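Taking it in order: structure first as C-alpha cells, then the write-up.
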Amino acid sequence: MNDDTVIEISNVWKIFGAKPELALKAIHERGLSKAEVLAEFNAVVGVADVSLDVKRGEIFCIMGLSGSGKSTLVRHFNRLLEPTAGKIEIEGTDVMALGPQELQTFRNRKIGMVFQNFALMPHRSVLDNVAMPLEIRQVAKNERMRQAAAILDIVELGAWGAKFAHELSGGMQQRVGLARALAANPDVLLMDEPFSALDPLIRRQLQDEFIRLSKILKKSTVFITHDLDEAVRIGDRIAIMRDGKMVQMGTAEDIVMHPADDYVADFVAGISRLKVVHAHAVMQPLDAYIAAHGPIPANAPRVNEGENLSNLINLAIEDDNAILVEDGGVDVGIITRADLLRTVVEGTEMS
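Dropping the structure here:
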C-alpha cells in the first residue's frame, strides 16, 4: 500500500451459507456460477473476488442495482461482515488481523459510518447524539461537547444542538448523522445510501452539502448508491457491481465514454454527457490535424483540457474555428465541430 492509498482490498469473497469455504473451493476448482453454488451448496455469493483501492481524500462511489453486492461489500471494510476470503487494509493496518478489542478501537478511531437509517438516539439531544463517538472514546464531557458543537456548526446545525431528533426534518436528521460520523475525526467515511430515503430536493441539497464538506475536511469516503446520477455528481471514481462482481471501475467520464460491456452501457445510457465528458476525451492529436488542414488560425479559441462538453458546444456555436486544447499552457489537441457532433450522437445512440 503506497502513501496515497487509504483503503486497499484484495480478492474479497463473501459467501453466505453453512459451508462457505467448501462452496468457494468448488468455485475455484470447478468454476461454479452463482446459481450453481445456490443449487449445490444452498449458499449465496454476496461478493465475488473484488479488489479495489481508495485514495486519500477521494470520494469513491460503489454502485449497482439492488442485490448487486454493494452494501455487503462496504460492511467488510470495518468487519461488520467477515469475508470468506481476501485481504483488507486501511491506513496500512491489516483489518483481518485485529482482535475483538483492537477492532472496536480501530472502528471508533479510524472509521465513521452513515447509513440510510439515521439511527439517532431519541432520548438524547442533537448535541449529545453527535458527541456519542467521543463519549465512547472517553473524552471529557466539556471537550466532547465543544468538538460536537464545532461539527454541528460545520454542517450548519449549530442552533439545533438542544433539540431532539423528532423535532428535525429528515434532511436535518441525516446531517446530524453525518456530523456524528465526523465528530471523532475518522480517517475514513463509509456511507451506505445515506440520502436515498429523502425527497429529491432535500437529497440534492445534501449532496451539495456533502460535496462542500468533502472539500473542507478531505475525508476518504466510500459512498454506496444505486443512483448513477448521484454517483456521477459526487464521486471522484465510480465502481459498478453486478451479482457480487466488480464490472467496471473508473471516473464517470471513463465509464460513460468507454463502458466495459453491454450491462454498463445500459446502466449509463440515461446519463447526459454534457457535464461528464471533458475536452481531453474529445480532442484529436494536434500534429495530425495540422498535417491534414494546415496551420491553426491565431484567433482560434482556447480551452483547458478539463473543459466540459456543454461549454465546448457553446463555444463552437459562437466561433467557426476549431478549438485548441491546452494543458499547463501547452497546446495538446484540437476539437472540431465534427468531433463534438460525433460525441453527442454517440451518446444519443447509447440511450
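The sequence shown maps to residues 732 to 1082 in the working numbering. Backbone N, C-alpha and C fix where the C-beta goes; we use that ideal spot for every residue, glycine too. Every value quoted in this text rests on a predicted model; they were computed, and no experiment measured them.
Item checked: Alpha-carbon to alpha-carbon, Val870 and Ile882 -> 15 Å
Note to self: Could you tell me the alpha carbon to alpha carbon distance between Ser1041 and Ile986, rounded to whole angstroms?
What the structure shows: Each residue's Cα considered, the two are about 18 Å apart.
Margin query: In the DSSP output, which residue or residues are listed as bridge partners for Gln938?
Written below: Its beta-bridge partners do not exist; DSSP assigns none.
Margin query: I need the DSSP call for Asp1070, collapsed to helix, strand or coil.
Written below: helix
Next item on the list: Rank Val1007, Ala879, Ser951 by C-alpha distance to the C-alpha of Leu959 and give the top, closest one.
Entry: Val1007
Notebook entry, point to check: Under the rule that 16 or more other beta-carbon atoms within 10 Å means buried, what is Pro1016, buried or exposed?
Noted result: The residue is exposed, with fewer than 16 neighbouring Cβ atoms inside 10 Å.
Note to self: Considering only their Cβ atoms, is the gap separating Lys818 from Ala746 smaller than 8 Å?
What the structure shows: Sequence inspection shows Ile at residue 746; the Ala mentioned does not correspond to that position. Not a contact, by the Cβ cut-off of 8 Å.
Margin query: Between Phe954 and Met922, how many whole angstroms is the CB-CB distance? I'm expecting something under 8 Å.
Written below: 5 Å
Item checked: Per-residue burial, Ala1023 [other beta carbons within 10 Å of its own, 16 or more giving buried] -> Flag for Ala1023 reads exposed.
Next item on the list: Jot down the residue ranges of each uninterrupted alpha helix (DSSP H) in the stretch 750-823, minimum 4 residues, whole runs only, in chain order.
Entry: 751-761, 765-772, 801-805
Check: Between which two residues does the beta strand (DSSP E) containing Ala1023 stretch?
Finding: Where Ala1023 is concerned, there is no enclosing beta strand (DSSP E), although the alpha helix (DSSP H) it sits in stretches over 1017-1024.
Check: Is Thr836 helix, strand or coil by DSSP?
Finding: helix
Next item on the list: Please report the residue range of the alpha helix (DSSP H) in which Ile885 lies.
Entry: 872-885
Notebook entry, point to check: When DSSP labels each residue in this structure, what does Glu1036 get in the three-state scheme?
Noted result: coil
Notebook entry, point to check: Can you tell me where the alpha helix (DSSP H) with Met863 in it begins and where it stops?
Noted result: 857-867
Notebook entry, point to check: Do Ser856 and Gly892 come within 8 Å of each other at the CB atom, strictly closer than that value?
Noted result: Taking 8 Å as the Cβ cut-off, Gly892 and Ser856 qualify as a contacting pair.
Margin query: By DSSP's criteria, Gly1001 is part of a beta bridge. Which residues make up the other side?
Written below: Note: Gly1001 sits in no beta bridge, so no partner.
Item checked: Segment contact, 8 Å Cβ cut-off, at least three pairs: the stretch 1027-1035 with the stretch 998-1005 -> no
Checklist line | Bounding residues of the alpha helix (DSSP H) (the contiguous stretch that carries Ala912) | finding: 901-914
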